[in-house]
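Engineer: According to the working numbering, the residues represented by the sequence shown are 538 to 677, in order. No residue lacks a Cβ here, since even glycine has one placed at the ideal position from N, Cα and C. Just so we're clear, the structure is a prediction, and the values are computed from it rather than from any experiment. One structure, as structure tokens, below. Some questions next.
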Amino acid sequence: MTEFRSKLIHITIFVCLAIGLITHEGFAQADEIGRLEYVYNCSACHGENGHGDGPVAGYLNVDTPSLTTLAQQNDGMFPLLRIIQIIDGRSGVGPHGTIMPVWGERFIASEIEDRGPYGAEIVVRGRVLSLARYLESIQE
Numbered sequence: 538m539t540e541f542r543s544k545l546i547h548i549t550i551f552v553c554l555a556i557g558l559i560t561h562e563g564f565a566q567a568d569e570i571g572r573l574e575y576v577y578n579c580s581a582c583h584g585e586n587g588h589g590d591g592p593v594a595g596y597l598n599v600d601t602p603s604l605t606t607l608a609q610q611n612d613g614m615f616p617l618l619r620i621i622q623i624i625d626g627r628s629g630v631g632p633h634g635t636i637m638p639v640w641g642e643r644f645i646a647s648e649i650e651d652r653g654p655y656g657a658e659i660v661v662r663g664r665v666l667s668l669a670r671y672l673e674s675i676q677e
């Protein structure tokens, strides 16, 4: 019985370590995806580090805000849902449109080629969440 218990403990430890490694690698990959979404879709206006100093910012008629102080402006809590709604276009659209987004169809499921039932929606939600989580990671 003790040999069986010993093997069971070793297997359990191995499985836990493997899951931890896979999860860590998955999070690292998700962080990189969010960073790339930011670089390709946001950095022109908001800058390489999110401070609102991108090369296009000077040509805009409005101030480009820093994205590194969103939590600070929200009593220390990153406003994840609000950021997701801004990215996917559910928030901030007034009668004359919105300043953002300028990235076009990148975050609109109906504009992504068919990937099966719900496929495009899953891709878009993944992009939006990856970007939002990246923004959370750059808070000062």
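Distance check for Glu-540 and Glu-569, CA to CA, integer angstroms please.
Structural biologist: Against the sequence shown, residue 569 aligns to sequence position 32. Against the sequence shown, residue 540 aligns to sequence position 3. One alpha carbon belongs to Glu-569, the other to Glu-540, and they sit about 44 Å apart.
Engineer: Identify, in the order they occur along the chain, each residue of the same chain with its Cβ nearer than 6 Å to the Cβ of Ile-621, setting aside the five sequence neighbours on each side.
Structural biologist: Walking along the sequence shown from the start, residue 621 turns up at place 84. Closer than 6 Å at the Cβ level, and outside the excluded window around Ile-621, lie Val-665 and Ala-669.
Engineer: Within the continuous alpha helix (DSSP H) that includes His-583, where are the two ends?
Structural biologist: Here residue 583 refers to the residue found at position 46 of the sequence shown. First-last of the alpha helix (DSSP H) with His-583: 580-583.
Engineer: When you compare the CB positions of Ser-667 and Gly-584, do they come within less than 8 Å of one another, or not?
Structural biologist: Looking up residue 667 in the sequence shown gives position 130. Looking up residue 584 in the sequence shown gives position 47. Not a contact, by the Cβ cut-off of 8 Å.
Engineer: So the alpha helix (DSSP H) Ser-674 belongs to, where does it begin and stop?
Structural biologist: Taking the first residue of the sequence shown as 1, we reach residue 674 at position 137. Per DSSP, Ser-674 belongs to the alpha helix (DSSP H) from 656-674.
Engineer: Which residue from Glu-574, Gly-587 and Val-593 puts its Cα closest to that of Ala-581?
Structural biologist: Numbered from 1 along the sequence shown, position 44 holds the residue referred to as residue 581. The candidate whose alpha carbon is nearest that of Ala-581 is Val-593.
Engineer: Taking its Cβ as the centre, do 16 or more other Cβ atoms sit within 10 Å of Asn-598, making it buried, or is it exposed?
Structural biologist: For the purposes of this step, residue 598 is identified with residue 61 of the sequence shown, where counting begins at 1. If you draw a 10 Å sphere on the C-beta of Asn-598, you find fewer than 16 other C-beta atoms in it, and that means exposed.
Engineer: Our contact map puts Phe-615 next to Glu-677 with C-beta atoms below 8 Å; I'd like the distance itself, whole angstroms only.
Structural biologist: By one-based count along the sequence shown, residue 615 stands at place 78. By one-based count along the sequence shown, residue 677 stands at place 140. 11 Å between Cβ atoms; not a contact.
Engineer: Could you tell me if Asp-625 is buried or exposed, where buried requires 16 or more neighbouring beta carbons within 10 angstroms of its beta carbon?
Structural biologist: If you number the sequence shown from 1, residue 625 lands on position 88. With 16 or more Cβ atoms within 10 Å of its Cβ, Asp-625 is classed as buried.
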